[in-house]
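A.B. asks: Counting from 1 along the sequence shown, just add 394 to a position and that's the residue number in our numbering. Using N, Cα and C, we set each Cβ at its ideal position, and we do this for glycine too.
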Amino acid sequence: MEKIIELKHISKSFDGEKVLDNINLDIYDNEFLTLLGPSGCGKTTTLRMIGGFVQPDEGDVIFMGEKINNVPPHKRNVNTVFQKYALFPHLNVFENVAFPLRERKVPKAEINEKVNEMLQLVKLPQLATRRINELSGGQQQRVAIARALIAHPKVLLLDEPLGALDLKLRKDMQQELKKIQKATGITFIFVTHDQEEALTMSDTVVVMSEGRIQQIGSPTDVYNEPKNAFVADFIGESNILDGVFLEDRLVRFSGQTFKCVDTGFASGEKVDVVVRPEDVDIVPQEKGQLKGVVTSVTFMGVHYEVIVDIGGFKWMIQTTDFVNTGETIGLSIDPDAIHIMKKSEYSGLYGDYSSFSNELDQLDAPMEQKPEAEE
Numbered sequence: 395m396e397k398i399i400e401l402k403h404i405s406k407s408f409d410g411e412k413v414l415d416n417i418n419l420d421i422y423d424n425e426f427l428t429l430l431g432p433s434g435c436g437k438t439t440t441l442r443m444i445g446g447f448v449q450p451d452e453g454d455v456i457f458m459g460e461k462i463n464n465v466p467p468h469k470r471n472v473n474t475v476f477q478k479y480a481l482f483p484h485l486n487v488f489e490n491v492a493f494p495l496r497e498r499k500v501p502k503a504e505i506n507e508k509v510n511e512m513l514q515l516v517k518l519p520q521l522a523t524r525r526i527n528e529l530s531g532g533q534q535q536r537v538a539i540a541r542a543l544i545a546h547p548k549v550l551l552l553d554e555p556l557g558a559l560d561l562k563l564r565k566d567m568q569q570e571l572k573k574i575q576k577a578t579g580i581t582f583i584f585v586t587h588d589q590e591e592a593l594t595m596s597d598t599v600v601v602m603s604e605g606r607i608q609q610i611g612s613p614t615d616v617y618n619e620p621k622n623a624f625v626a627d628f629i630g631e632s633n634i635l636d637g638v639f640l641e642d643r644l645v646r647f648s649g650q651t652f653k654c655v656d657t658g659f660a661s662g663e664k665v666d667v668v669v670r671p672e673d674v675d676i677v678p679q680e681k682g683q684l685k686g687v688v689t690s691v692t693f694m695g696v697h698y699e700v701i702v703d704i705g706g707f708k709w710m711i712q713t714t715d716f717v718n719t720g721e722t723i724g725l726s727i728d729p730d731a732i733h734i735m736k737k738s739e740y741s742g743l744y745g746d747y748s749s750f751s752n753e754l755d756q757l758d759a760p761m762e763q764k765p766e767a768e769e
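1. Considering only their Cβ atoms, is the gap separating residue 428 from residue 584 smaller than 8 Å?
2. Which first and last residues belong to the alpha helix (DSSP H) in which residue 516 is found?
3. Buried or exposed: residue 492, going by 16 or more other Cβ atoms within 10 Å of its Cβ?
4. Please return the same chain residues whose Cβ sits closer than 7 Å to the Cβ of residue 619, not counting the five positions on each side in sequence.
5. Going by C-alpha to C-alpha distance, which of 600, 729 and 723 sits closest to residue 678?
6. Assuming contact is defined by CB atoms lying nearer than 8 Å, are residue 696 and residue 665 in contact in what I supplied?
7. With DSSP collapsed to three states, give me the class of residue 493.
8. Could you tell me how far apart the beta carbons of residue 702 and residue 686 are, in whole angstroms, since I believe they sit closer than 8 Å?
9. Return the first residue and the last residue of the alpha helix (DSSP H) that residue 637 is part of.
10. Return the chain-ordered list of same chain residues with a C-beta closer than 8 Å to the C-beta of residue 568, the five sequence neighbours on each side being excluded.
11. Go through its chain and collect everything with a Cβ distance to residue 663's Cβ below 6 Å, but skip five positions before and after it.
12. Do residue 602 and residue 743 have their C-beta atoms within less than 8 Å of each other?
13. From the DSSP secondary-structure annotation, give me the bridge partner or partners of residue 698.
14. Could you give the first and the last residue of the continuous alpha helix (DSSP H) run that contains residue 422?
15. Would you give the residue range spanned by the beta strand (DSSP E) that residue 679 belongs to?
16. Beta-carbon within less than 8 Å of residue 544's beta-carbon, same chain only, minus the 5 sequence neighbours each way: which residues are those?
17. Enumerated in chain order, which unbroken segments of the beta strand (DSSP E) with a length of 3 residues or greater are wholly contained in the region 504-569?
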């Protein structure tokens, strides 16, 4: 694929605080790329820098082989869909979508043709004469996307555009955005803090933390082969344990020795061991490689989340098998369910569910919806 954007050694500070720290990233034609990370990680600043709304303190933004650090937004072949959509309330749907072409003095017949084409693409042809305040949130978002796409930019930037939608509509729009991206062949760069959203929609996921890129890869890669404890914890749930790599395909953790599929670490090297909750089987305690006491059981609709105390470390298990709180159970783990990572600055910060509770997650949820202006 053709490389269309290069970020080379990008750094940026606001009020003396570094929000991007030596970022390097290549973005390709017809790619759906997602910048993923918690609030304050630098993902929105990265997006705005590509759009021309923020200039780097250090490094270069390269577009189609040319440096564009100081090129203003309106002169870049890039359009942006903002969190608030920025639609014109005094114009109807048709005129909102037509606005960029009218500004360019495009002939009326061509405007009509292109607007109708865009409304077909976003499945809103029947709403062409509606006022913006008569539309649902999902419909407004589609209008914003149609307006951004009508001039056929090389790149479309989307800054958490699904954040204001309810869960069902959000999931529907994830699929619609992916279809629109494939239908147009335009590169989409999407910002979100929602891990499921990133995994569902993306060709490439860029995981960010503290102004740095932690990992770049396909959704499958970042989920199954996380590079460090931050990525393993942020992308889904993970049990992350201290371990010692004994030799190729052999590791020791939780007081036991396990076969694994990893190679290339030094004998005796201290490592982080990742085991996903869905990859652990509950068995009778006498048949388990590990055994522990169930401390909580939460029904999640299609499975149970079971917290198990093993030597003071709280594991999370996701299973369709019901067990009782207080019961002693065995755990069985296949070699390909064990992933070995090098120790990092994030080691020891994640992966023990001693403080896990749904109540805490719910209390934290509104915080995740805050705009990332501080990035």
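C.D. replies: If we stick to the structure as given:
1. Counted from its first residue, the sequence shown places residue 584 at position 190. Counted from its first residue, the sequence shown places residue 428 at position 34. A distance below 8 Å separates the beta carbons of residue 584 and residue 428.
2. Taking the sequence shown and counting its residues from 1, the one referred to as residue 516 is at position 122. Counting along the chain, residue 516 falls outside any alpha helix (DSSP H), and DSSP gives it neither H nor E.
3. In the sequence shown, the residue the question calls residue 492 occupies position 98. Buried: at least 16 other Cβ atoms inside 10 Å.
4. Residue numbering aside, residue 619 sits at position 225 when the sequence shown is read from its first letter. Closer than 7 Å at the Cβ level, and outside the excluded window around residue 619, lie 733.
5. Stepping through the sequence shown from its first residue, residue 678 is reached at position 284. The shortest Cα separation from residue 678 among 600, 729 and 723 belongs to 723.
6. Looking up residue 696 in the sequence shown gives position 302. Looking up residue 665 in the sequence shown gives position 271. No.
7. Working through the sequence shown from its first residue, we reach residue 493 at position 99. Helix, per DSSP.
8. Taking the sequence shown and counting its residues from 1, one reaches residue 702 at position 308. Taking the sequence shown and counting its residues from 1, one reaches residue 686 at position 292. Contact flag correct, Cβ pair sits at about 4 Å.
9. Locating residue 637 in the sequence shown gives position 243, counting from the first residue. Premise fails: residue 637 lies in the beta strand (DSSP E), 633-641, not in any alpha helix (DSSP H).
10. Here residue 568 corresponds to residue number 174 of the sequence shown, with the count starting at 1. Correct list, in chain order: 556, 591, 594 and 595.
11. Here the question's residue 663 lines up with position 269 in the sequence shown. Contacts found: 639.
12. Here residue 602 corresponds to residue number 208 of the sequence shown, with the count starting at 1. Here residue 743 corresponds to residue number 349 of the sequence shown, with the count starting at 1. No. Outside cutoff.
13. Counted from its first residue, the sequence shown places residue 698 at position 304. According to DSSP, residue 698 bridges with 693 and 713.
14. Along the sequence shown, read from residue 1 onward, the residue named residue 422 stands at position 28. The continuous stretches of alpha helix (DSSP H) do not include residue 422, which lies in the beta strand (DSSP E) extending over residues 411-422.
15. Counting from 1 along the sequence shown, the entry for residue 679 is found at position 285. No beta strand (DSSP E) holds residue 679; DSSP gives it neither H nor E.
16. Numbered from its first residue, the sequence shown carries residue 544 at position 150. The residues are 491, 492, 494, 495, 508, 509 and 512.
17. 549-553
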